[in-house]
Structures are given as C-alpha cells and as structure tokens.
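Scroll down for the structure; my scribbles are underneath it.
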Amino acid sequence: MKLLVLCSILATLHVSVTNAASNLVCYYNSASYIREGLGKLQNPDLELALQFCSHLVYGYLGIRGDNYQAYSLNENLDVYKHQFDEVTSLKRKYPHLKVLLSVGGDQDIDADHPDKYIELLEGGKVRQAGFIQTAYSLVKNHNFDGLDLSYQFPRNKPRKVHTGLGATWKSFKKLFTGDFVVDTNAALHKEQFTAFVRDVKDSLRADGLLLSLTVLPNVNSTWYFDAPALNSLVDFVNLAAFDFLTPARNPEEADYTAPIYDAGSQNRLGHYNVDFQVQYWLQQQFPSNKLNLGVASYGNAWKLTAESGIEGTPVVANTEGPAPEGLQSQKPGLLSYPEICSKLPNANNQHLKGNDSPLRRVSDPTKRFGNFAFRAVQDGVTEGLWISYNDLESASNRADYARAKNLGGVAFFDLSYDDFRGLCTNDKYPMLRAIKYRL
Ligand SMILES: *[C@@H]1O[C@H](CO)[C@@H](O)[C@H](O)[C@H]1NC(C)=O
C-alpha cells in the first residue's frame, strides 16, 4: 500500500517535471558565422538567444563519401578555429542549456556520393561502427550533450504541374509507373535505420548523452521512421514540418509552405500540413511530450510572372522558380524574417514605387494556414514576388498548437534567420521571443 502511494506521488512528480511544451530547441548552423554582411551571426549574437533555448542543435556534421566517417562540414571554423568548444563552453553561463551536435540537415551536399546516407544504412555494422565511433568522439571531445540525427533520407517527389489532358494522362501513368515511389527499398531502410539508431544510442549511453532525431522537410515518416521502436531509443524527435512546397522543388506554383491544417481543394496533397505530420506520430503511439514542432524563421519566395495574376491567392500558378536571394539569406528563394519585414509596408518604403514598392500582406485570421505577402506584376512592377512566411503572430500560433497537442515544445529553424540584430522592431530575436512567450 505504502509503495503504491509512493509510486503515485512519484508519477505525479514525473508529470510536473516533464511539463509539456517546455522545450525550445534552437537550431544553429555554424555556416551562418561565415556569411558576409548582415547575415553573419557571431558568437555574441548567438549568446543572446541562449536564455530562451532549452536545447541548441549545432549543425552540421556530414558523412565522408569514401569511408562513411563523421566529420564537420565546416571544419576550419568548427575544429581549427574552435567554434565547437566556444559554443559548448557557453553552457557554463547558461547551465540549463543542452547542446547537441547534428548530422546532415540537408547541408551535406555531395555530388560524388549522393546516396551515402542510404549506403551507410545498407553497409551493416562494420561501416556503421566507423561512423558511430567518429561521431561519438566529436561529441565527447568537444563537450556536447548529445547527438542529433538530421538524417538525409530520399525525399518525396515534388508534385508536377500539368494542366488539362496532360494532368489526367500524367496521373494515369503515375498509377502504372509508380512515379511517386522514391525508394523501392524503403521498408528495408526503415528497419536498418532503427537498428542503426539502436547502435548509436548504445555508443552514447555510458556517458548519459542525449540522442534526438530531426525529420527533415519532405522526408516521409511513414517510410523511414518506426516510431514505436524509436521511442525507447531517442530523447525526442523534431519534426521539420515546413517547406512542403518550395520554389526550388515546385518552381511553377506557389502555396502556403507550412499550413497547420489542410487547406483542401486545388489538388493539394493531404499530408502536406503540420497537423497531418504531428497526428501521424501520435497515432503511432509516440509520446506527445517527446515530439517538438518545427517552426521556420525564414520565408520561401517565388518569382511571379504576368501570368500569375494580381490576386495572390494561393495556389498561385505560373510562377518562375526561386526569387533572387536576399542580402542576408544569400540563398535564392529564401528570405530571412528581417528581410521580409523590410519589404512589408513600413515608414521607409511607403512611397517607393515599382520593384521597390512594399509588398501587400495578407494575414490569416483563421490561424489555420499562415500568411503570405506579394507584389504582382503590374503598374511598373516587373519583378513580381510571392512569399509564404511566419510573422510573430503565426509563429506564436504554432507554439499554441504545440501546447494544445501536449507536444514537448517547438524546434526553431534556425536562429540566423530570425532578426537577431533587431533591425525590424529593435527587439533582437523577436520570433524566438514570441514563441518562448507562448510556451
Ligand atoms: C507518405 O507518403 C504516402 C504516399 O505518398 C502518403 O499517403 C503518406 O501519408 C505519407 N506519410 C506522411 C507521414 O506524410
């Protein structure tokens, strides 16, 4: 009887300790340190964020194509200039912070070995032991608290845009050719991945190191993640539930890139929304408090053409791929939050005309799909632009969603695309703060 009472007291305690929605997992890609100009995020900028983050996921390690060992993709900075150690030493000042070292993250682009992530799974224990040993050493030697696998699985094929008869023929053909199957051995790879994660976990256990998984955008959880089996192996899973459409993958049509719910109609795919992805993991009995919802601090920007029309309402047709890169983002089709902020109507741009005129912003009072902002090709505008993005409000809505579903919290991708200089409203890291405030 006494034991029973004790157990139930412990159980209550446990619930209050693992208070849902208390994680704010911040992604930090050290490549942002070597950007030029305003996009350059240096250590004093990084440090300002740490009071808000429960975890910092430091990216990225890659896999060597020739021997499958783990190594820093940014070795000069991370290892030789001691950025790994600089960042993990910040834990002394922020003792609550856990810093994990991440592998992959779609940053490990290797034209000579495009399939190395699959080859590592297929390579069996010997090949994997080399990876595991080298990853463990980097974690251990540089005082990280654990490892994150942002594993680069084959991604879904993007939806093809074809009109009329072509579309019907296409969908027929797809049925016969299995056009949507990106990996005929997905079932095997799923099994191999679980076994691999088990071995990775074994390597970390003795030191009490953490292990997390990040499900990258457009990686299909059904194919690669055995949620019930992974539950006992990982501390948490971060769902990068955004970039369902991107200007690079879907050059000819623009849409909400991270709707919380299915916007329905117009042949939208039922699994391209946050709620579907979260529900999928919950239906697999994965504990909600170990699931963190990914929120992007950047927007996706398409080039509009005259044929895209002037309404802006998604799905927007006849777009022309990624909009030009921002000075800060330095990546076509991607704009950081402060870059978007400077293009929205404000005191500096209200009188500008043509290609410099402010964007028209359309917010979403239903809180279900997200915002967009655009500038149509008309009235002297030749460079049309359409952006799907988070503002402070929609980012907070996602934190609310995470809380409502009793998730562990939010995973923020990434710190360098938030307004870390306070250019927009004088507040530094306004989006990170907005999310933290709601959790
Ligand atoms: C994976 O893809 C299949 C087929 O395209 C789809 O039905 C399923 O919902 C997807 N799973 C997730 C979690 O997105």
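Residues -20 to -1, 1 to 419 in mature numbering (1 follows the signal peptide of the UniProt record, and there is no 0) are what the sequence shown lists, from first letter to last. Ideal placement from N, C-alpha and C gives every residue a C-beta, glycine not left out.
Next on the checklist: Can you tell me whether Q265 sits near ligand 1, meaning its C-beta is under 8 Å from at least one heavy atom of the ligand?
Outcome noted: Incorrect: Q265 has no Cβ contact closer than 8 Å to ligand 1.
Next on the checklist: What does the alpha-carbon distance come out to for the pair V79 and S337?
Outcome noted: Distance between the alpha carbons of V79 and S337: 42 Å.
Checklist entry - What residue does the beta strand (DSSP E) around F352 start on, and which one ends it? => result 351 to 355 is the extent of the beta strand (DSSP E) around F352.
Checklist entry - Roughly how many angstroms lie between the CA atoms of Y369 and N280, to the nearest whole one? => result The straight-line gap separating the alpha-carbon atoms of Y369 and N280 is approximately 6 Å.
Checklist entry - Should G313 and W282 be called a contact, given that it needs their Cβ atoms to be closer than 9 Å? => result Closer than 9 Å, so yes.
Item to check | Beta-ladder partner(s) of P302, from DSSP | outcome: Beta-bridge analysis with DSSP links P302 to W282.
Next on the checklist: If I follow the unbroken alpha helix (DSSP H) through H35, where does it start and stop?
Outcome noted: From DSSP, H35 is part of no alpha helix (DSSP H) but of the beta strand (DSSP E) over 35 to 43.
Next on the checklist: Could you compute how far the alpha carbon of H93 sits from the alpha carbon of V83?
Outcome noted: H93 and V83 have their C-alpha atoms roughly 16 Å apart.
Checklist entry - What are the residues that DSSP puts in a beta bridge with R383? => result According to DSSP, which records beta bridges pairwise, R383 is partnered with nothing at all.
Item to check | Cross-strand partners of N272 (DSSP beta bridge) | outcome: Answer by DSSP bridge pairing, in chain order: N218, G389.
Checklist entry - If you draw a straight line from the C-alpha of V392 to the C-alpha of N329, how long is it? => result A small correction: the amino acid at residue 392 is Phe; Val does not occupy that position in the sequence shown. If I take the Cα positions, the gap works out to 29 Å.
Checklist entry - Does any heavy atom of ligand 3 sit closer than 8 Å to the C-beta of Y13? => result No copy of ligand 3 appears in this structure; the ligands present are ligand 1.
Checklist entry - To which residues does DSSP link Y51 through a beta bridge? => result G42, per the DSSP bridge assignment.
Next on the checklist: Just to be sure I understand the criterion: a residue counts if its Cβ is closer than 5 Å to at least one heavy atom of ligand 1. Which residues meet that?
Outcome noted: The set of residues with a C-beta under 5 Å from any non-hydrogen atom of ligand 1 comprises N200, S201, T202, H251, Y260, given in chain order.
Checklist entry - If we count the other Cβ atoms within 10 Å of its Cβ and call it buried at 16 or more, is I89 buried or exposed? => result Classified as exposed, I89 has fewer than 16 neighbouring CB atoms from the shown chains inside 10 Å of its CB.
Item to check | Residues near D25 in its chain [Cβ-Cβ closer than 6 Å; skip 5 each side] | outcome: The answer, listed in chain order, is F400.
Item to check | Coarse secondary structure for E233, derived from DSSP in three states | outcome: Residue state, collapsed to three classes: strand.
Checklist entry - Going by beta carbon distance, what residues of the same chain come within less than 8 Å of A209, once the five residues before and after it are set aside? => result T174, listed in sequence order.
Checklist entry - How many angstroms separate the CA atom of Y60 from the CA atom of Y260? => result Answer to the nearest angstrom: the Cα atoms are 42 Å apart.
Next on the checklist: Suppose the cutoff is 7 Å on Cβ atoms and the five residues either side in sequence are ignored; what does the same chain contact list for A286 look like?
Outcome noted: Cβ within range, chain order: V357.
Checklist entry - Which of the three DSSP states, helix, strand or coil, is assigned to T68? => result Note: T68 maps to helix in three-state DSSP.
Next on the checklist: Once DSSP output is grouped into helix, strand and coil, what is the label at T157?
Outcome noted: For T157, the predicted structure reports a pLDDT of 43, less than 50, and the residue's modelled location is therefore unreliable. A value from the coordinates is still provided. Note: T157 maps to helix in three-state DSSP.
Item to check | Buried or exposed (CB count within 10 angstroms, at least 16 for buried), N230 | outcome: Burial state of N230 is buried, judged by a 10 Å Cβ sphere holding 16 or more other Cβ atoms.
Checklist entry - I think K170 touches Y204, with their Cβ atoms under 8 Å apart; what is that distance to the nearest whole Å? => result About 5 Å separates the Cβ atoms of K170 and Y204, confirming a contact at the 8 Å cut-off.
Next on the checklist: Relative to the C-alpha of V275, which candidate in E291, R378, H35, Y241 has its C-alpha closest?
Outcome noted: Among E291, R378, H35, Y241, the Cα nearest to that of V275 is on R378.
Checklist entry - Closest to S192 by CA distance: which of Y48, N200, A220, A167 is it? => result A check of alpha carbon separations from S192 across Y48, N200, A220, A167 identifies A220 as the nearest.
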